[in-house]
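S.K.: This structure is in structure tokens; I'll ask about it shortly.
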Amino acid sequence: MNQTVASTPLINATKIVKRFGDHVVLKGIDFSVRSGEVSCIVGASGSGKSTLLRCLNALEKLTSGEVWIDDEMIGWRATKNGYVELSPGALARQRAKVGMVFQEFNLFPHMTALMNIMKAPMAVKNEPRAVVEERARRLLDRVGLSDHANHYPAQLSGGQQQRIAIARALAMEPKVLLFDEPTSALDPELVNEVLTVMQDLAQEGMTMVVVTHEIGFAREVADSLTFMDKGQVVESGNPREMIADPQHRRTKDFLSMVL
Amino acid sequence: MSISLATPKPESLRRYPYRSKASIIFGVLITICAIGMLQSVMRNPNFGWDVVALYLTAPVILKGILVTLQLTVVCMVIGIGIGIVLAAMGQSNAMPVRAVAAAFVWFFRGTPLLIQLIFWFNLSALFPDLSVSVPFGPELFSIDPNALITPFFAAVLGLSLNEGAYMAEVIRGGLLGVGKGQTEAAQALGMKPLKLMMVVVLPQALRIIIPPTGNQTLGMLKNTSLVSVLAVSELLHSAQIIYSRNYETIPLLVVACIWYLVMTTLLSGIQFLVERKFKKSDRSSSRRGLIPESESVDTGLLPQPTDGPSLQTRTAS
Ligand SMILES: Nc1ncnc2c1ncn2[C@@H]1O[C@H](COP(=O)(O)OP(=O)(O)O)[C@@H](O)[C@H]1O
Ligand SMILES: [Mg+2]
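Residue numbers (this note's numbering), protein chains in the order written: chain A, -15 to 243; chain B, 259 to 575.
Listed below in structure tokens is the structure:
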């Protein structure tokens, strides 16, 4: 659907394994996203979707496997004797290129909406305040909240907070945006205002990985759909085809439950 | 009947809140007791109110107040500094660093402050000649501990170290009170640990830390009276000096108590103002409903989504 989709992957995760103690949460996942692509991940609760997403920006430490984003290995440095964990500073530099939107918004409650958006570019990239403020106001306009620049998060509805959170992530001008169930904590009437912003982003060619239960969004907006179950990728492909005609029994069962 | 009573408009009728009989009876009893006690205290010649009045503003007492305030401020500042360092050490990845912090808190919270103070005062007995030297090397300098450990220095040392242990716990609680989601959001934006701490965690932790720090300051103000045993001329010791000469023990203790009450009351007032200021800037406590309706309504810059179909029509283009 997106003409800007490139052929080489921007994100390439291979043989991802993640263990918490004895509990193997991701059991060898291969996952790739091309530049400009919108990739949706669906699956039952507890199937490891959030963990996979968090492995992509090193919020979780991989047990084994490799994550590459924009030709850079995330979280680790390969040496001939094995993988060496990166320093907190190096991790931070990598994360600055990968935006993330959380289910619970996680806006900074002690800052206005505008400062939430401006803080990271100023504190992380040392960009001049005037430049950042101009960009932040443009982003506020883009998510339809120009009038709310000086509001604190507690003064905003869930949908408004999530739109600010998207603007905050965009202010860092990331190469890719990760969404972890961005509408799951919202009252039903507020879901669409967030999905609309995300859809606009998709049309502008933003690379996005979206964990969601909104099958309608996946069908209409996504370029690829991945179904996960019990820490494994069961099926992935074209969203319309997959939703219309799932190949695996587990996919069929899951879709029949959420549709 | 009801019609004739309804002459004033029902909405303009006064409303009387419910008052329990118990609270009225209890209030009367308390008032009687309080008046009785106050009378017996005021009339009791043993309290020597004339002596109290005589010494309330005596120069020695006023000087003592100054020393008490000095000790309070100096020891709180150092104590908070130690507390910050200990709390940061407690969050370290390195086990030995965490262990040192835990041992410090364990020791200073687990032993009586009075003993700690006497201990510091007698440090010279433990280390008769204090010298700094390179291990197995030449001596760099040596000092006479009797000159170094003055009573005032021992007092500051004891009060500050003890305070540091308590403040470490207060600060640790504040840091833990800031949710994990905040740290992760800041990490995801690319903030390094120190930035994250300064920009995101500490400002939010401060709100949790400030009220107990106020209580700690009140406690410190009163604990300074313990250093009277080291003959530091703070408020209590100044009173003691006077009554050791004129034997007016009770009146001079009353003088000291009056001044402690004045200082703690003032401090409580300051604490109240500081906390209110922080509440004001804490907009997270104000609810959505406080904003005028017109402000919280969307401006329509984005096409207002109505239902599922809007998504489909937009993608179709
Ligand atoms: N920090 C953690 N420690 C231990 N187990 C975890 C942790 N995070 C997630 N898990 C476990 O991993 C599994 C997958 O979790 P998650 O990735 O959140 O699933 P999903 O997002 O698909 O609902 C769950 O069983 C969860 O209990
Ligand atoms: Mg999840």
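Heads up, the beta-carbon is just placed ideally off N, CA and C, and yes, glycines get one too.
Hey, would you say B:Gln374 sits closer than 8 angstroms to A:His94, going by beta carbons?
M.R.: No; because the gap between Cβ atoms is not below 8 angstroms, this pair is not in contact.
S.K.: Is any non-hydrogen atom of ligand 1 found closer than 7 angstroms to the C-beta of B:Gly437, if you look at the structure I gave you?
M.R.: No, the beta carbon of B:Gly437 sits no closer than 7 angstroms to any heavy atom of ligand 1.
S.K.: According to DSSP, A:Thr180 sits in a beta bridge with which residue or residues?
M.R.: None, per the DSSP bridge assignment.
S.K.: Using the DSSP secondary-structure output, state which residues sit across from A:Thr(-2) in a beta bridge.
M.R.: A:Glu50
S.K.: For the region 180 to 187 of chain A against the region 7 to 15 of chain A, do three or more pairs of beta-carbon atoms, one drawn from each stretch, fall closer than 8 angstroms, so that the two count as touching?
M.R.: Taking 8 angstroms as the limit for Cβ pairs, the verdict is that the region 7 to 15 of chain A does not touch the region 180 to 187 of chain A.
S.K.: So B:Pro461 contacts chain A; which residues on that side make the cut at Cβ distance below 9 angstroms?
M.R.: Phe92, His94, Met95
S.K.: Where DSSP assigns a beta bridge to A:Leu209, which residues make up the other side?
M.R.: Answer is A:Cys24, A:Gly221, bridged to A:Leu209.
S.K.: Using a Cβ-Cβ cutoff of less than 7 angstroms, which residues in the same chain neighbour B:Ile342 once the five nearest sequence positions on both sides are dropped?
M.R.: Ile429
S.K.: Candidates A:Gly20, A:Leu36, A:Thr47: which alpha carbon is nearest A:Asp6's?
M.R.: In terms of CA proximity to A:Asp6, A:Thr47 leads the group A:Gly20, A:Leu36, A:Thr47.
S.K.: Indicate whether the contact test is met: 3 or more Cβ pairs, each with one atom in the region 133 to 142 of chain A and one in the region 72 to 87 of chain A, closer than 8 angstroms.
M.R.: no
S.K.: What are the residues in the region 437 to 450 of chain B lying within 7 angstroms of chain A by C-beta distance?
M.R.: If the cut-off is 7 angstroms between Cβ atoms, the region 437 to 450 of chain B has Gly439, Gln440, Glu442, Ala443, Gln445, Ala446, Leu447, Gly448, Met449, Lys450 near chain A.
S.K.: Tell me whether A:Ser23 counts as near ligand 2, meaning its Cβ is closer than 7 angstroms to at least one heavy atom of that ligand.
M.R.: Checking every heavy atom of ligand 2 against the Cβ of A:Ser23, none is found closer than 7 angstroms.
S.K.: Three-state secondary structure (DSSP) at A:Glu117?
M.R.: helix
S.K.: Which value, in whole angstroms, describes the spacing of the CA atoms of A:Ala206 and B:Thr441?
M.R.: 30 angstroms
S.K.: Would you say the beta carbon of A:Asp213 is closer than 7 angstroms to some non-hydrogen atom of ligand 2?
M.R.: Result no, Cβ not under 7 angstroms from ligand 2.
S.K.: Is it buried or exposed, A:Gln146, if we count other Cβ atoms within 10 angstroms and call 16 or more buried?
M.R.: buried
S.K.: So what's B:Thr326 in DSSP terms, helix, strand or just coil?
M.R.: helix
S.K.: Kindly provide the chain-ordered list of residues whose Cβ lies closer than 5 angstroms to any non-hydrogen atom of ligand 1.
M.R.: A:Phe4, A:Val9, A:Ser29, A:Gly30, A:Ser31, A:Gly32, A:Lys33, A:Ser34, A:Thr35
S.K.: I need the DSSP call for B:Gln445, collapsed to helix, strand or coil.
M.R.: Three-state result, B:Gln445: helix.
S.K.: Considering only heavy atoms of ligand 2, does any lie closer than 7 angstroms to the CB of A:Glu165?
M.R.: yes
S.K.: Determine which residues share a DSSP beta bridge with A:Thr63 and list them.
M.R.: A:Gly66
S.K.: Are the C-beta of A:Met84 and some C-beta of chain B separated by less than 8 angstroms?
M.R.: Look at A:Met84: its C-beta is under 8 angstroms from a C-beta on chain B.
S.K.: Tell me which residue opens and which closes the beta strand (DSSP E) that A:Ser130 is part of.
M.R.: Neither: A:Ser130 is in no beta strand (DSSP E) and is coded neither H nor E.
S.K.: Using a Cβ-Cβ cutoff of less than 8 angstroms, which residues in the same chain neighbour A:Ser16 once the five nearest sequence positions on both sides are dropped?
M.R.: Pro(-7), Ile(-5), Asn(-4), Ala(-3)
S.K.: Can you check whether the C-beta of A:Pro72 is within less than 8 angstroms of a C-beta belonging to chain B?
M.R.: yes
S.K.: Any idea what DSSP makes of A:Phe89, helix, strand or coil?
M.R.: coil
S.K.: Only counting runs of 4 or more residues, tell me where the alpha helix (DSSP H) segments fall wholly within the region 284 to 372 of chain B, in order along the chain.
M.R.: 307 to 313, 317 to 348, 353 to 368
S.K.: Among residues of its own chain, excluding the 5 on either side of B:Phe305, which ones have a beta-carbon nearer than 7 angstroms to its beta-carbon?
M.R.: Val299, Ile508, Pro509, Val512
S.K.: Kindly confirm or deny that the region 471 to 482 of chain B and the region 327 to 338 of chain B touch, where touching means at least three C-beta pairs closer than 8 angstroms.
M.R.: The answer is yes - the region 327 to 338 of chain B touches the region 471 to 482 of chain B, with three or more Cβ pairs under 8 angstroms.
S.K.: When the cut-off is 8 angstroms and only beta carbons count, does B:Thr573 lie next to chain A?
M.R.: In this predicted model, B:Thr573 has a pLDDT of only 38, less than 50, meaning its place in the structure is not dependable; the value taken from the coordinates is given anyway. So, interface residue.
S.K.: Decide yes or no for the touch test of the region 89 to 106 of chain A against the region 114 to 129 of chain A: beta carbon pairs closer than 8 angstroms, at least 3 of them.
M.R.: yes
S.K.: Just by C-beta distance, which residues in the region 453 to 483 of chain B are closer than 7 angstroms to chain A?
M.R.: Lys453, Val457, Val458, Pro461, Gln462
S.K.: Mapping the DSSP letters down to three states, classify A:Pro(-7) as helix, strand or coil.
M.R.: In this structure, A:Pro(-7) counts as strand in the three-state DSSP scheme.
S.K.: Return the chain-ordered list of same chain residues with a C-beta closer than 7 angstroms to the C-beta of A:Ser141, the five sequence neighbours on each side being excluded.
M.R.: Excluding residues within five positions, the ones whose Cβ falls inside 7 angstroms are Leu174.
S.K.: Which residues mark the beginning and the end of the alpha helix (DSSP H) in which B:Lys267 is found?
M.R.: Here B:Lys267 belongs to no alpha helix (DSSP H), and DSSP marks it neither H nor E.
S.K.: For B:Thr289, which residues in the same chain have their Cβ closer than 6 angstroms to its Cβ, ignoring the five residues on either side in sequence?
M.R.: Counting only Cβ-Cβ distances below 6 angstroms, and skipping sequence neighbours, we find nothing.
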